[in-house]
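The sequence shown begins at 3 in my numbering and counts up by one.
The beta-carbon is built from N, C-alpha and C at its ideal position, and this holds for glycine as well.
Quick caveat, the model's predicted, so the values are computed rather than measured.
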Amino acid sequence: MKYFFAVLVFITSMQSVFAFEPFEVKDIKLEGLQRISIGTVFNYLPIKPGDKIDNAAVRNSIHVLYKTGFFKDIHFEREGDILVIFVAERSAINNIKIEGNSEISKDQLDDALKQIGLIKGRVFNRSILEGLEKELQRQYYSLGKYNIKIDVNQTQLERNRVDINIKISEGESAEIYSVNIVGNKKFSDKKLNEQFTLAEPSFWGGRNNYKKQQLAADLETLKSFYLDRGFIDFKINSTQVSLGPEKESVYITVNIKEGERYTVREVKLAGDLILSRDKFEKLIMVKSGDIFSRRKVVDTTKAISDLLAENGYAFANVNMVPDIDKDSRTIGLTFFVDPGRRIYVRKVNISGNTKTQDKVIRRELRQIEGDWLSTKHVARSKTRLDRLGFFSTVNVQTVRIPGSTDQVDLNYSVVEKPTGSLQAGLGYSDTQGPVVNLAVTQDNFLGTGQRVGVNLDNSSVTKQYSFNLNNPYYTEDGVSRNISFTYRKVDAAAAAISNYTTDSYGASLSYGVPLSEYTNYNWGMKFDDTTITTGSGTSQNIVDFVNRNGKSNSTYQFFTGWSYDSRNRRIFANKGSLTSLGAEIAVPGGDLEYYKVDLRHVNYFPLGYDITLAANVNLGYGASFKDSLDYPPYKNYFAGGSTSIRGYDANSVGPRDSVTNNPIGGSVKILGNVDLILPNPFAENSSSTRVSLFVDAGSVFRNADTVSTEEFRYTAGIAFIWITPVGAMRFNFAEALNKQPGDSTRSFQFSLGSPF
């Protein structure tokens, strides 16, 4: 076809050439144009008015115009001294419609079409269709879709346009029928097949659709398996992939050569050890006498590179030089260190912050201008900016300075998100029932990083009105200050505790002092005035407290706390830990004297594949400095509900009144839970949802003398949390593992708008 087309062009050109005697062109006329402008043709046409043309000039002009791809026919004629060019345009692509694709997205298919020149608005060339089918087949074959059928139709439209309709019948994916490894002696077929994600059909199904890219990844995994076990001469000699007659089954044969296993003879450090040798030696993960492992070599190389990068040598080179002795089947390892120049930060540039002041961002940065570049400080700076909650994304780039061998600029780019809200909403929780909330908050007030909030909550249990002002940088050294005023009314009966209410108002002033990058100390004072109103059915411990201390009590509280926080995020962390120890002490001068101490520790362990194990312990203890009856019962701990022991009714776990059987809480709290956080199957890479499997355990106790693990309650289940504009939406499905007579359990729990 292409040959015939070329001959046709040649014949046409020759006809045009032989029709002309040399003459001087006075003017040029174009006939047959529909979409293409006259100016476009003249831009390509080598002949201009005033030129003297001959056969060669005409032949060259025809060749140039055909080469543009705009025309399917070109003819030259002479009318006196006027050159007349007749053209027939190729059709333009008006629209491309793709149907039937599910395995490959439309965007991916559009990219494939662009690569072969099939683009909306471009000139349509029928020869491209052959390339179209081949390209689509290539894409689908790589996914194991060998029964792919492609039907391409063209619809001619007015004004020389064409619609292209591509109908795809993907068919079924070819399934792995067998994976046969030939040449293995050291390891069984079963062990080696475990390294493949492409697997033979099993009772459980799945993992058996063939994909070319996945086979390549599996072969690399197989190679790593051997190299990590000392087989440095391991080779994959060949791989055969065969199709069954119906193109629905795949047979894979992998021919390998295992070679011999090598042990490490010696390990040495060489090069410019710019830091102390001890620091490098501690990072070496492979020792003399060990079986050689490429993974340990790679990890050692990375650890040394990271150490150098943390100390300013951002572009260091660390290479392992092997010394192989085939006779003894041993290998010597020399880690050669070339730190290069120490790199310094010339400037730190910030962009994207239209509202947040530069100083608010810069005070979070641990990498400063003029100092040597530390990847550790750069990463920590990004984490601190993420934790502010002011930005939806934070990116940092290291840019080398042209003409400089030891300087870079750091470019931080942020995308701000709304940090202020006028929020009115309805919520629900198992603890408080319907909740009406009105809140005006600004986490980044006027771009200063200060937080201002006014909150009004109204539920069947709690009515609370509060004002809060927090300045995280009250001083330039990072000392924070918090001022708050609160009014709170609690109906304990509505929370299924006891028939009494508390009315309290108070004010507090506190400061936080950073002791280190991850450690903080805070302290402050609070005034609180609480009035208790009892009724019929009030628990005896409340009655005894009121009889001894009166209905109204004012306290002056000193509170202090210490915390260590290395979490990568405050919400939905998946790495790091948080430990907090706090004390609330009602000091002399008030009506009551007591203390409460709380300890919380949570640790996040990344397990890979977006799976995280979170372990949490929550302990609390309270007591009076005088008689035990002076400890206010409204300060008791309670357990049960969607935020403590899931699967039990809110506040239901622990001591109960001997007469009313109402929960009365206790002055001792022991709670723990383990969550296995899983990738969200409904929303990939979601930053606002989390799914986990959990086990909860613990209880509250009347006092320290009554603590017993036999009273612990255990539950297990699945939890789903969704952070919405009105707060955290929680769904818990749990079962009590050791339910006792009289326990109140709830398999499904839901809450909306509760604090996170």
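{"Item": "Range covered by the beta strand (DSSP E) that runs through E712", "Value": "Unbroken run through E712: none, as it is neither H nor E."}
{"Item": "Proximity to K214 [Cα-Cα], best of S175, Y228, F189 and L194", "Value": "S175"}
{"Item": "Of the listed residues S746, D659 and V693, nearest to I723 (C-alpha basis)", "Value": "V693"}
{"Item": "Rounded Cβ spacing between E371 and V347 (contact assumed at less than 8 angstroms)", "Value": "6 angstroms"}
{"Item": "Contact check, Y623 vs S669, beta carbons under 8 angstroms", "Value": "yes"}
{"Item": "Backbone secondary structure at D651 - three-state DSSP", "Value": "coil"}
{"Item": "Beta-bridge partners of L601, as assigned by DSSP", "Value": "L583 and L621"}
{"Item": "Same chain, Cβ closer than 7 angstroms to Y228, five either side skipped, listed in chain order", "Value": "F236 and E260"}
{"Item": "Where the alpha helix (DSSP H) through A218 begins and ends", "Value": "K214 to L229"}
{"Item": "Local conformation of R124 per DSSP, three classes", "Value": "coil"}
{"Item": "Pair within 8 angstroms by beta-carbon distance, L456 and F447", "Value": "Inspection of the sequence shows that residue 456 is occupied by Val rather than by Leu. Against a cut-off of 8 angstroms, the Cβ pair of F447 and V456 comes out as no contact."}
{"Item": "Residue nearest to D593 in terms of C-alpha spacing, selected from S554, S510, Q156 and I98", "Value": "S554"}
{"Item": "E101, buried or exposed, once every other Cβ within 10 Å from all chains shown has been counted against 16", "Value": "exposed"}
{"Item": "Distance between V66 and V763 (C-alpha atoms, nearest Å)", "Value": "Examination of residue 763 is not possible in this model, given that the chain is present from 3 through 758 alone."}
{"Item": "D112 - DSSP class collapsed to helix/strand/coil", "Value": "helix"}
{"Item": "Buried or exposed by the 16-neighbour rule on C-beta atoms within 10 Å, applied to M527", "Value": "exposed"}
{"Item": "Beta-carbon spacing of V164, F126 below 8 angstroms", "Value": "yes"}
{"Item": "Residue from G82, Y46 and L245 whose Cα sits closest to the Cα of K69", "Value": "Y46"}
{"Item": "As assigned by DSSP and simplified to three states, the class of K99", "Value": "strand"}
{"Item": "C-alpha distance - H77 paired with D56, whole-angstrom precision", "Value": "15 angstroms"}
{"Item": "Burial state of R748 (16 or more Cβ within 10 Å)", "Value": "buried"}
{"Item": "Cβ-Cβ distance between E172 and I150 below 8 angstroms", "Value": "yes"}
{"Item": "Touch test, the segment 335-352 against the segment 374-383, Cβ-Cβ under 8 angstroms, three pairs minimum", "Value": "yes"}
{"Item": "Of the listed residues S290, D274, L335 and S330, nearest to Y315 (C-alpha basis)", "Value": "D274"}
{"Item": "6 angstroms CB neighbourhood of S556 in its chain, flanking five on each side removed", "Value": "D531, G592 and D593"}
{"Item": "Pairwise C-alpha distance: D112 and R759", "Value": "Nothing can be reported for residue 759: it is not among the residues displayed for the chain, which extend from 3 to 758."}
{"Item": "Sub-8 angstroms separation of I672 and N638 beta-carbons", "Value": "no"}
{"Item": "Among I326, K298 and F338, nearest to L310 - alpha-carbon criterion", "Value": "F338"}
{"Item": "Closest Cα partner of I130 within the set Y179, R140, P657 and K116", "Value": "K116"}
{"Item": "Backbone CA spacing between F72 and Q141 [nearest angstrom]", "Value": "29 angstroms"}
{"Item": "Three-state class that DSSP yields for A575 in the structure shown", "Value": "coil"}
{"Item": "Pick from G578, S295, G291 and T303 that is closest to L285, judged by C-alpha positions", "Value": "T303"}
{"Item": "Sequence-distant residues of the same chain with beta carbon closer than 8 angstroms to N62, five excluded per side", "Value": "P48"}
{"Item": "Distance between beta carbons of I333 and F294, contact taken as under 8 angstroms", "Value": "5 angstroms"}
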